Amino acid sequence: MGYDVMFGKAGDVVLGLGNEAIARGALEAGIQFAAAYPGTPSSEILGNLALVSKGLGIYTEWSTNEKVAFEVATAAAWSGLRALASMKQNGLFVVLDSLINVAFSGHGKGGLVLVVADDPLAHSSTTEGDSRPLGNYSDVVVLEPFTHQQAKDIIPYAFDLSEKYGLVVLVRETTRLAQSRAPFTLGEVPNPSRKAVFDHSIPLHNLPRPHIRHAELHQRLERIRKKEFEKSSWNRYVGPRNPSLLVITSGTGWKYANEAVQLLSAKDVGILALATISPLPHKLILKHLKSANKVLFLEEIDPYLETQVRSLAADLEKSDQFKFFGKFSGHIPSFGECNIDHAIAAISKIQGIKYKPVSRAYIAKAEDAANLAPRRILTFCPGCPHRAAYYSIHRAIKKNQGKGFVTGDIGCYSLGAFYHDIMRSQLSMGAGVGLASGFGKLDQFGLDEPVIAVMGDSTFYHACLPALVNIVYTQSKVTSIIFDNESTAMTGFQPHPGIGLAATGEKITTVPIENLLKGIGFSEISVIDPFDIEKSIDRIYKAITANISHAIVFRRECALITNRRRIKSGEPTPKYIVDKDKCIGEKCKICSVQFNCPACVWDSETSMAKIDEVLCNGCGVCVQICPAKAITKAKR
Ligand code: SF4
Ligand code: SF4
């Protein structure tokens, strides 16, 4: 948590994450309302705001999904407050319908800012989405800071802009800014005292003539382009008056371009870094285009600037003289993150500069150093309840002559894709349930395998409910399994409606999963401890061989929460050992290979299993699965 950032006073220079800079910027903007759905790389924004919200009278919430987060923030802005919603790029896909409608209708007199953290290279995502073209498509204003200082300072500006022009402002950042630390200087935090008032004079709908609203919206965006962005000091140019190569960039590309120009001593290269992404400052761009014939676009994910600027350049008299380089020419990769190597490679190639990279020996040394870090394979933690649940699903399918398959989506349970390849789908939040609902109706066309839909507890509330209603409504034959580890574990243990805690940690209402399942019409609902392997296999087998839809809630807290609790209370972790006289070794390997717990290690010297005391979390599941009763609890 960024305590220095959130509690520091004006003038302090602090070291913080890009997300912490944005959260501080929101305080300095005088926000009174913030909502988000957790998702890496954006989660720290609301987490840090929640830290100070009580003391400053700010309302914060982890909403059930990103669309709801945007809508509750819109209500606050409509009532005259400054409101912020934050999310990762997948969340923006969920929000789009509401976003486009609010862009048309306006959102009243308050300020409404949406921060979206994109994840180039999909470090913690299933796709690489670019929020810039989506913001442009939705007719909202898009800003993109290049540095941590700008990330903080641009937020109050975004709110001013939103209120002055009545437009939603989307602030885009990418993983390298969101998740890296850099110093920045803090500003004053005001004491906002706006009262929320329902403004009856401003309806939030576009009836009866949405196209008129659309025309007005375009006029406002045009005013912003001319009055604010053409001369905006957020944009930056460095380089000679007539550069032999003009680099046009945004976001983190600014740093890479700068460093590459310095390393290559390419004094004749100019860099135009744009922070006002939509609407783009056409005059400013044209002025720089007129001064150069070669243009390189350095940007992450989509060729957004490249497409927009090239279409702008087509109107110039000398349009046939331009040479454009970027993602279309192959000088910059069309996927993944940008980095300094891409910038150096592209500029040196275009400019014919010989660049002497670091020596092979240096690279080898760096690789050796990297190899010292412990390797982490893509699997569940020791003692994870999801491993136990998947093991039972695997065994139940085996018992059913191998018939059955699993659809799922995103969360830490997605690692089921690597667990005996058991999870066969991983699309958007809740999509596994929708797919299962479809598969469950295909028996009439000859599909003779049962389908199991798996979902996490937070995902259940986020987007699974409509598809679960569909299963009940259409009488689709599906076994729905909810992995309830009592937190949004993958993104940092944020609470959800099943836990009954607010973003600030205070106790609020609990909305139990099983009550909702009952309410939407499931007649067969079981709540099982996934560590009870025999009962779990039995229940899953019964469900997949039954004629009606079953819902199973596997409830057991995340192993990391158990661990934290033990450390806090001083309670020792139970210790388990393998009796070498009983282990049947090579013939078995159930604990180390089939169950695949990282703490059940295969000892090649003795050709038997052993338990790594450091890794073991003391769940005791291996005791149940060992056919030779070779694993027992030991005295500490
Ligand atoms: S070794 Fe056994 S007790 Fe320890 S975490 Fe793995 S399954 Fe659980
Ligand atoms: S499951 Fe039991 S018998 Fe099999 S390898 Fe592990 S300890 Fe040995």
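Note that this note's numbering has the sequence shown beginning at 14, numbered continuously upward. Glycine included, every Cβ here is placed at the ideal spot set by N, Cα and C. Here the structure is a predicted model, which is why all the values come from computation and not from measurement.
Proximity test, residue i beta-carbon vs ligand 1 heavy atom, cut-off 8 Å
i    : result
Y589 : yes
C610 : yes
P395 : yes
V606 : no
C601 : no
C425 : no
L97  : no
L628 : yes
C613 : yes
Cβ neighbours of residue i in the same chain (closer than 6 Å, five flanking residues each side left out)
i    : result
A386 : none
P463 : G417 and I557
A135 : E141
S176 : First, the amino acid is wrong: residue 176 is Glu here, not Ser. G124, listed in sequence order.
V18  : V27, G29, E33 and R37
S56  : T504 and G505
A572 : C394, G396, C397 and N630
S245 : T289
D592 : A643
A466 : T420, G445, V446, A449, V491 and S493
S151 : L112, I113 and A116
H344 : F338 and A359
N61  : G15, M19, E33 and A36
Residue i versus residue j: straight-line alpha-carbon distance, rounded
i    : j    : result
T523 : S214 : 36 Å
G583 : T504 : 26 Å
G252 : A356 : 16 Å
G148 : E570 : 38 Å
R491 : R437 : Going by the sequence as given, residue 491 is Val instead of Arg. Answer to the nearest angstrom: the Cα atoms are 15 Å apart.
F434 : L440 : For clarity, residue 434 is Asp in the given sequence; the question names Phe instead. Approximately 16 Å between the Cα atoms of the pair.
A63  : Q334 : 54 Å
K67  : T517 : 8 Å
R226 : R552 : 55 Å
Q637 : A47  : 46 Å
S278 : L127 : 39 Å
P587 : I580 : 13 Å
A359 : D173 : 38 Å
S206 : V614 : 60 Å
L428 : E519 : 31 Å
T188 : P54  : 6 Å
Proximity test, residue i beta-carbon vs ligand 2 heavy atom, cut-off 8 Å
i    : result
G13  : Within the shown structure, residues of the chain are numbered from 14 to 649, placing residue 13 beyond reach of any answer.
G598 : yes
I638 : yes
K665 : Residue 665 falls outside the range modelled here, since the chain spans only 14 to 649, and no answer is possible.
A622 : yes
C635 : yes
C477 : no
A647 : no
I644 : yes
Continuous beta strand (DSSP E) stretch holding residue i: start and end
i    : result
R579 : From DSSP, R579 is part of no beta strand (DSSP E) but of the alpha helix (DSSP H) over A572 to S582.
R249 : R249 to V251
D497 : V491 to D497
T289 : T289 to S291
Y72  : Y72 to W75
D131 : G124 to D131
K101 : R95 to K101
P196 : R194 to T198
Contacts around residue i, its chain only, beta-carbon distance under 7 Å, and the 5 residues preceding and following it disregarded
i    : result
I298 : V322 and L325
I44  : I71, R95, A96 and L97
E201 : A23 and E41
G365 : none
H407 : H433 and I435
Residue range of the alpha helix (DSSP H) that includes residue i
i    : result
I87  : Note that residue 87 corresponds to Thr in the displayed sequence, not to Ile. Here the alpha helix (DSSP H) through T87 covers E79 to W91.
I353 : I353 to Q364
H563 : Looking at the DSSP string, H563 is not in any alpha helix (DSSP H); the run it does join, the beta strand (DSSP E), is H563 to R568.
Q163 : H161 to Y178
M13  : Because residue 13 is not part of the residues shown, which for the chain are 14 to 649, the question remains open.
8 Å CB neighbourhood of residue i in its chain, flanking five on each side removed
i    : result
N271 : V251 and I284
K531 : I538
V65  : M19, F20, L40 and I71
Any chain C beta carbon closer than 9 Å to residue i
i   : result
L69 : No chain C is part of this structure, which consists of one protein chain only.
- Three or more C-beta pairs closer than 8 Å, one from the stretch 419 to 427 and one from the stretch 637 to 645: is that the case here? no
- Query: Is the stretch 228 to 240 touching the stretch 292 to 306, taking contact as three or more C-beta pairs under 8 Å?
  - Reply: yes
- Query: On the three-pair Cβ rule with 8 Å, is the stretch 300 to 315 touching the stretch 247 to 262?
  - Reply: yes
- Three or more C-beta pairs below 8 Å linking the stretch 76 to 92 and the stretch 151 to 162: no
- Specify whether the stretch 470 to 486 and the stretch 495 to 511 touch according to this definition: at least 3 beta carbon pairs, one from each stretch, less than 8 Å apart. yes
- Query: Are the stretch 101 to 116 and the stretch 168 to 182 touching by the rule of at least three beta carbon pairs closer than 8 Å?
  - Reply: yes
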